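Trainee:
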Amino acid sequence: MDSLVSTQWLADRLGTDGLVVLDATMHLPDSPRNAAADFDTAHIPGARFLDLVTFVDPASDVPKALPSARQFADRLGRLGIAPGDRVVLYDDSQIRSAARAWFIFRLYGFENVAILDGGLAKWKAEGRSLDEGPAVCAQTDFPLPSPVREVRTKAEMLANCQACAEQVVDARDAARFAGEEASGSEGHIPGAANLHFPQLFAEDGTYRAPGEIAALVADAGLDPDKPVVTSCNSGMTACVLAFGLHLAGKDDVALYDGSWLEWGGDPDTPKEKGASR
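Residue 264 in the working numbering sits at position 275 of the sequence shown, and the numbers go up by one each step.
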């Protein structure tokens, strides 16, 4: 299974043994929408609800931190997922939250996971069937995993400001990145590049071709031969950049999970204003 699958690919395989579809929708805190209620109203047949908004580690000092290994195993067990299953993630969110779920799965070594290109919006636009009501599944005993992907701490990001060993790319919009007065932002991590995550999508909501994404990455000033750390406001859309880079063939990509919520909230961290250099 490729990392990105089409609506037709999924429609042809719905109900197949070992294929699990997860709704990974999550909205911004100020959104009037409720992802759980929307799931009960309409979801892809057989899908289960990941509940991404609660899939965080409350014991961490990092705002909205990635879930722990124990949380990952428990959540997948409750969702009836086995290590050998194939998992397709989708969302119906402006922040493309399925990418966050994809990063979490890959973080804990679950490689057979894909994102549905175009998400629920494309599925609906094509007039495909929908189910309603809560999902029902038999639970499994998912084994405790170990992290295999890279996540950066604030201390490591501070050290990188001096060492410049890794390129940092920020997924926020240009105004917040630059620290323009109306944006309410103090700017960005010194030396970071800026690539607003919506640029990775075509007009129909599907991801751009790998070559197009690679060109956007180059236009942002990133060297494809050097490692990259993605960042954003809360660690969510940074995962969209990580997935886009993956599609473009670059997997030496880490996530700064604390992102601007952590960095910008610390008066002692250095901040830089202005457009990307």
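C-beta: ideal position from N, C-alpha, C; glycine also.
Computed from a prediction, not measured in an experiment: that's the story for all the values here.
Which residue's Cα is closest to the Cα of Ala71: Ala124, Gly263, Leu133, Cys221?
Mentor: Nearest option by C-alpha distance: Leu133.
Trainee: What did DSSP end up calling Val158 once you bin it into helix, strand or coil?
Mentor: strand
Trainee: Measure from the alpha carbon of Arg89 to the alpha carbon of each residue in Ala110, Asp12, Ser135, then state which is nearest.
Mentor: Asp12
Trainee: For the beta strand (DSSP E) that Leu109 lies in, which residues bound it at each end?
Mentor: Where Leu109 is concerned, there is no enclosing beta strand (DSSP E), although the alpha helix (DSSP H) it sits in stretches over 108 to 114.
Trainee: Between Leu68 and the rest of its own chain, which residues show a CB-CB distance below 6 angstroms, the 5 nearest in sequence each way excluded?
Mentor: Taken in chain order, the residues that qualify are Arg37.
Trainee: Does the separation of the CB atoms of Ala209 and Ala182 fall below 9 angstroms?
Mentor: yes
Trainee: Using a threshold of 9 angstroms, state whether the C-beta atoms of Leu(-7) and Tyr196 are closer than that.
Mentor: yes
Trainee: What does DSSP give as the partner residues of Glu261 in its beta bridges?
Mentor: His177
Trainee: If you draw a straight line from the alpha carbon of Asp255 to that of Gly4, how long is it in whole angstroms?
Mentor: In a straight line, the C-alpha of Asp255 is about 48 angstroms away from that of Gly4.
Trainee: Can Arg138 and Leu244 be called in contact, C-beta distance under 9 angstroms?
Mentor: yes
Trainee: Following the continuous beta strand (DSSP E) through Ala103, name the residue where it begins and the one where it ends.
Mentor: 102 to 105
Trainee: Is it true that the segment 209 to 227 meets the segment 77 to 94, where meeting means three or more beta-carbon pairs spaced less than 8 angstroms apart?
Mentor: Yes, the segment 209 to 227 touches the segment 77 to 94.
Trainee: Could you name the residues of the same chain whose beta carbon sits closer than 8 angstroms to that of Lys215, not counting the 5 residues immediately before and after it, in chain order?
Mentor: Glu155, Gln156
Trainee: Distance check for Phe190 and Gln316, CA to CA, integer angstroms please.
Mentor: Outside the shown range of the chain (-10 to 266) lies residue 316, about which nothing can therefore be said.
Trainee: Are the CB atoms of Leu109 and Ser(-5) within a distance shorter than 9 angstroms?
Mentor: Taking C-beta atoms as the reference points, Ser(-5) and Leu109 fail to come closer than 9 angstroms.
Trainee: Would you identify the three-state DSSP class for Val206, choosing helix, strand or coil?
Mentor: helix
Trainee: Taking the CB atoms as reference points, tell me whether Lys239 and Val217 lie closer together than 9 angstroms.
Mentor: Contact flag set, yes.
Trainee: Write down every uninterrupted run of the alpha helix (DSSP H) in the segment 1 to 55 whose length is 4 residues or greater and which is fully enclosed by it, in chain order.
Mentor: 24 to 30
Trainee: Going straight from the alpha carbon of Leu65 to that of Arg75, what length do you get?
Mentor: 12 angstroms
Trainee: Roughly how far, in whole angstroms, is the beta-carbon of Ala160 from the beta-carbon of His185, given that I think they are within contact range, below 8 angstroms?
Mentor: Contact between Ala160 and His185 holds: their C-beta atoms lie close to 7 angstroms from each other, under 8 angstroms.
Trainee: Pull the bridge partners of Asp120 from the DSSP assignment, please.
Mentor: His32
Trainee: Could you tell me the boundaries of the alpha helix (DSSP H) in which Val76 lies?
Mentor: No alpha helix (DSSP H) holds Val76; the beta strand (DSSP E) holding it covers 75 to 79.
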